[in-house]
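Residue numbers (the numbering used here): 27 to 475.
All C-beta atoms in this analysis are idealised placements derived from N, C-alpha and C, irrespective of residue type, glycine included.
Please read all numbers here as calculations on a predicted model, not as lab measurements.
Heads up, the thing below is written out as structure tokens.
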Ligand SMILES: [Zn+2]
């Protein structure tokens, strides 16, 4: 684990454009010399990657050390990847100084770069070749107040102390992070969440555990709506650039509004663009003793002609290949967001289902069938077996009936276009709400609730 503090005020007040770029006395020159003389450090890359020429960031109120007067989060202005023989170098340019730290995780191998909440304005982010240490990377909000970049690795690396370059030559604050190939044993020894982060996560779990139970007025059913993904996990990307995380949040909020108006006690696992780990979503539903959990997602398929809505309930992993692949995609969420799975139950482990859970699954299935009946008349339904079962980590609560609705295929042009319209979203949310009504009406009329 390494911590870097971008020094507030360093170099501020200089006329950035007047700095001789690469000159011996400019801040970059000083930092580079410092890097070259670092004792015991690996040999430096030949040069900093050259960032595209552009105007310095606009600052309405002028430079202000330690953040900006408006209270808006620092802006990530650009990012570059330099792939050299001896290292892969990330350069992140920011409008304001931030605290930042890195650590590594195994299984799969990742580098996590944590920082306070920042606003990402990267345009088209640079892509790695895939041949060096970096397989891929992503970034976004991890929790409220905490942004994160997660780098997937092709091989074990050692991460350098983040190097800080104060504003100069038209750039904002730049952070340089080098990844050096290393031995498997060394990587595994060094990997793991920093102790204080672990403590914070435990606190978060405790908080969830202490969360006040929903007031359960007689006859008021508790519905948990769970929009999938969020924050740095954007889910599937649509052919029309509609992101799964945005679609399911919008649809979840719409459904919540309808159900609240109908008198249900509604709780959302997330109501903003933030990441929530899968076990925490399950914990929320259990803590609230939800009568039903509805997880919302959208799917993709290499065959762009596949379209339609489908509903998943839990099974123990003995599913067909397609359902197993879906489960694998949706269960990746925590890995994507850089959650440490070493101490928790891996979401991809086989799921053991006990007898009590079978009853819960039966109730889930009953809701799935009711919902498909309602949805049939308002949207396309997956042509074969729209009610499917898969080993989905978000559906494992033994005492909460739960379904995962794949609203449609973002890989299908017609589905993606429809899902981007108010009309479709309104229709589908209403149909799901109607299904909730029918489901509980049937329960109280005869079947035990
Ligand atoms: Zn999803």
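- For residue 168, the secondary structure class from DSSP, reduced to helix, strand or coil, is strand.
- As a beta-bridge residue in DSSP terms, residue 294 pairs with 251.
- Between the stretch 206–219 and the stretch 318–330, the count of Cβ pairs shorter than 8 Å is below three; the stretches do not touch.
- Under the DSSP assignment, residue 142 falls outside any alpha helix (DSSP H), being part of the beta strand (DSSP E) whose first and last residues are 136–142.
- Applying a distance threshold of 6 Å between residue Cβ atoms and the heavy atoms of ligand 1 selects 254, 255, 261, 270, 323 and 356, given in chain order.
- If you draw a straight line from the Cα of residue 406 to the Cα of residue 207, it comes to about 49 Å.
- Inside the stretch 400–447, DSSP marks whole alpha helix (DSSP H) runs of 4 or more residues at positions 439–445, from first to last along the chain.
- In this structure, DSSP gives residue 309 a helical state, which the three-state scheme calls helix.
- Counting the other CB atoms within 10 Å of its CB gives residue 193 a total of 16 or more, which places it among the buried residues.
- The residue from 152, 143 and 353 with its alpha-carbon nearest to that of residue 98 is 143.
- Across the structure, residue 281 and residue 435 are spaced so that their CA atoms are roughly 20 Å apart.
- Annotation for residue 204: 113, 115 and 186 place their beta carbon closer than 6 Å to its own, counting only its chain and skipping 5 residues before and after.
- In this structure, the straight-line span from the alpha carbon of residue 393 to that of residue 162 is close to 39 Å.
- If you look at residue 115, you'll find it in the beta strand (DSSP E) that goes 114–120.
- Segment contact: the stretch 333–340 against the stretch 406–426, three or more CB-CB distances shorter than 8 Å; contact assigned.
- For the options 126, 169, 160 and 104, the alpha carbon positioned closest to that of residue 146 is the one of 104.
- Taking the Cα of residue 395 as reference, the smallest distance to any Cα among 468, 331 and 450 is reached at 468.
- Here the alpha carbon of residue 136 sits roughly 14 Å from the alpha carbon of residue 127.
- DSSP places residue 355 inside the alpha helix (DSSP H), whose first and last residues are 347–357.
- In this structure, residue 168 sits near residue 257, with a CB-CB distance shorter than 9 Å.
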